[in-house]
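According to my numbering, numbering within the sequence shown proceeds without interruption in unit steps and concludes at 741.
These notes are about the structure you will find just below.
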Amino acid sequence: MQIITVAPIVRGALQGSLTYFSKEPIPAGMVIIAPIRTREVPAIVLESREVSDAKTSLKSSDYAIRKITRAHPRRIWLPSFLKAVEETANATAQKFGEVLLSLTPKIILDAHINGTLNEPKINKTAGSFEINAIQETTQMRLEAYRRLVREAFIRHESIYICVPTEDDVLRISKELERGIENYTFTFHSSLTKKRVFERWENALSERHAILVVGTTQYLSLPRYFNTIILEEEHSNAWKMPSRTPTDLRGFIEEYARASMSTLIIGAPILRPETYERVTSGVIGEFIRIAQYARQEANRNTKTILIDPRKEEKSLRESTGRREMVLLSSELKELLRNAGVRNEKVLLLCARKGLAPVTTCGDCGTLVKCPECDAPLVIHKKESSANQVTQLFVCHGCGFTRIPENNVNETCPNCGGWKLQGVGIGIDRISDEVLKLSPTTPLFILDGDRAKTRSQAKKIIEQFQKSTGGILVATPMAIPLLGTIDNTAIVSVDSLFAIPDIRMPERIFALILALREKTIGSLLIQTRSDDVSIFEQALSGSILQFTKNELATRKIFSYPPFGTIIKITLRSKRDEIASEMERLKFFLGKYAPIVPGTMAREPKNVFRMHMIIKLAEDNWPNQDLLSKLRSLPMQFTIEINPDHLL
């Protein structure tokens, strides 16, 4: 008789590991079916030992140990993959089984458990682990990857290019597969079950070296890759939006280390913490790290930086009117010239709706959501009868309210009627463009108008087929666009108010992406007094921006100069404050802080955050790690989060 310890491969497991009886010993790494309460779930074996070796612990146990009745153990993952999952779980303070589940396609896991797929063969690795980086334009990186693939195929070495999104898979595979279509395999979440199985089995049976372009989950493909490329390293899509927050870039590096593969990190701008590792010699240079973002050959994009406040001041002095200039005279001229030349224009706005914030002109009070206390955003909605209705929408919890009599709303503080929208939203810009160019084809793309990727692509296709069309969009449009005749960032300043430690990095990368895609003119409107980030991005001064960002992070002990742990508690309103106080006492030696008040979520659930800041090289901390893993399910843990509130 054996005592086996397993990790449930299921979300929401109360324990990270469980213990069972088994008639036969089961090797570690095998998957079995284990009973948990009234159901049976897959579980991976962590340890197997004789009952005689655990008599003392069995006698002192205060619970009954159940038997494994349906063992049929199967091997699904390579040992190197499991090792990388274990290291990732420790680094992110998550449960091993939950991380393993999130990093494996469900259809592959189910097929292995049902016996549809054969067990993988354990491949011997013959490489050596090292990390190199490339910071260059998209075209330069793709050319470097193309040469690397051809050279690797000559040496009979396989390559996996890991990207954050399905669009990246399709874009990069299209560029690299020419001439090697029979040995190129793409994997992403939109593939049908039949296609996944077909490509999975063909990739495993192919004797020739192969190129795989896929998202992170498909690294579970049990085949050895001499080189793994982590492409678009700066993208925020690497963070998993789930109750098991994991930065997939960390897992990819751990997998390359465990499998003894060469890891190449590529991006138009490397994250500051990655650049710091390059300068310290931890990461080598695959190709010399570019200090400036070069422009494509035969392209001379004209860049313009505009402060609309100057025009507003001139207007006030000449007419006495106080008006916010949405479209500056330079932007209007750009639109007129583009119309004459039938050129397309992208107008980018950071916010949805008409205005991000509504305030009282008498007392300055914000109009807030009654459910979660977040600022309400004004949206417009057209009915089937072409009537325009204004709505207050909360982007936090989804609350929606029609203002009184469809137009009137009173201040919740003083009862005044002098409410006004503050800030610039995408609907407000589109209304202004329509007044300026009523006959020009106008397209609008944001999260309200495109709920799915296919809907967004349809709007982009219509814009690209148009003659001299104007697209008013949020940043979600950028990855879907090819080259653009002219681009203008109408409003981006509101992004600086978001408590995201990576926001400057995101804004810089956004401008670089537009600079790379724009053929004619790139114009930025900003009311910011400090325009250094815009000037550096428009000139392509990557090195200067990265040095400034690292200096700022060092002051606040942000990564890579420290570790931030964010603990989120979701609970009932009358319990959340006392629960947070108990947590604060439990983690008292690590000086936790609670940076804000509670906020409301849908279904009458409230949340609060707690922040712990650790000194550099003090994570993983085994004592803190064990405490974090002992927390109940209502606590969510995120290591080095982007948002602190």
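Cβ atoms here follow ideal geometry from the backbone N, Cα and C, with glycine treated the same way.
All values reported here derive from a predicted model rather than from experimental measurement.
Residue i to residue j span [Cα, whole Å]
i	j	result
V352	I324	Note that residue 352 is Ala in the sequence shown here, rather than Val. Each residue's alpha carbon lies about 7 Å from the other.
L443	R417	26 Å
M572	R545	12 Å
T693	R162	44 Å
F652	D738	14 Å
K406	S628	18 Å
P537	K553	17 Å
A386	A222	31 Å
L511	L422	Here the sequence assigns Gly to residue 511, which means Leu is not the residue at that position. Looking at the two C-alpha atoms, the distance is approximately 29 Å.
S617	A389	17 Å
K680	G564	58 Å
I268	T234	10 Å
E372	L639	11 Å
D527	I520	11 Å
T340	S562	43 Å
I172	T622	53 Å
R107	Y654	30 Å
A305	T288	25 Å
L272	Y241	8 Å
F117	S357	38 Å
V529	Q391	30 Å
M676	I733	14 Å
K379	E232	What sits at residue 379 in the sequence shown is Ile, not Lys. Looking at the two C-alpha atoms, the distance is approximately 16 Å.
Residues of its chain near residue i, where Cβ-Cβ distance is below 8 Å and the 5 sequence neighbours each way are ignored
i	result
L326	C258, R345, I348, E349, L359, I360, I361, G362
T579	K613, T614, I615
P337	none
K723	F682, L683
CB contact flag (residue i, residue j, <8 Å)
i	j	result
L142	A103	yes
E712	G658	yes
P364	E631	no
I105	L244	no
P688	I707	yes
I230	I383	yes
L576	D264	no
I218	R145	no
E439	D626	no
R367	E329	yes
L307	R319	no
T583	A446	no
L720	Y686	yes
E369	P656	yes
N186	P728	no
I620	I585	yes
A633	F604	yes
P600	E645	yes
6 Å Cβ shell around residue i - same chain, five flanking residues per side excluded
i	result
L114	V102
S176	A354, S355
L567	L442, F539, F559
P131	R162
Residues sharing a beta bridge with residue i, DSSP
i	result
A305	Answer by DSSP bridge pairing: none, since A305 is not bridged.
G658	A711
C258	G310, L326
P131	E136
S637	Y388
H284	Bridge partners of H284: none, in fact.
R703	R666, A695
K335	D343
D596	H739
V181	None, per the DSSP bridge assignment.
N228	I360, G380
M97	Paired residues: none, contrary to the question.
V141	V102
N582	V441
K163	F117
A569	L444, L541
S617	K398
S587	C445
7 Å CB neighbourhood of residue i in its chain, flanking five on each side removed
i	result
L741	P595, P691, G692, H705
Q730	L665, R666, S667
T342	T184, T188, Q190, V195, S198, M336
Original post:
Are there three or more Cβ pairs, one per stretch, closer than 8 Å when the region 119–126 is compared with the region 198–211?
Top reply: no
Subject >> Cβ pair count under 8 Å reaching 3, the region 308–319 against the region 283–293 >> reply: yes
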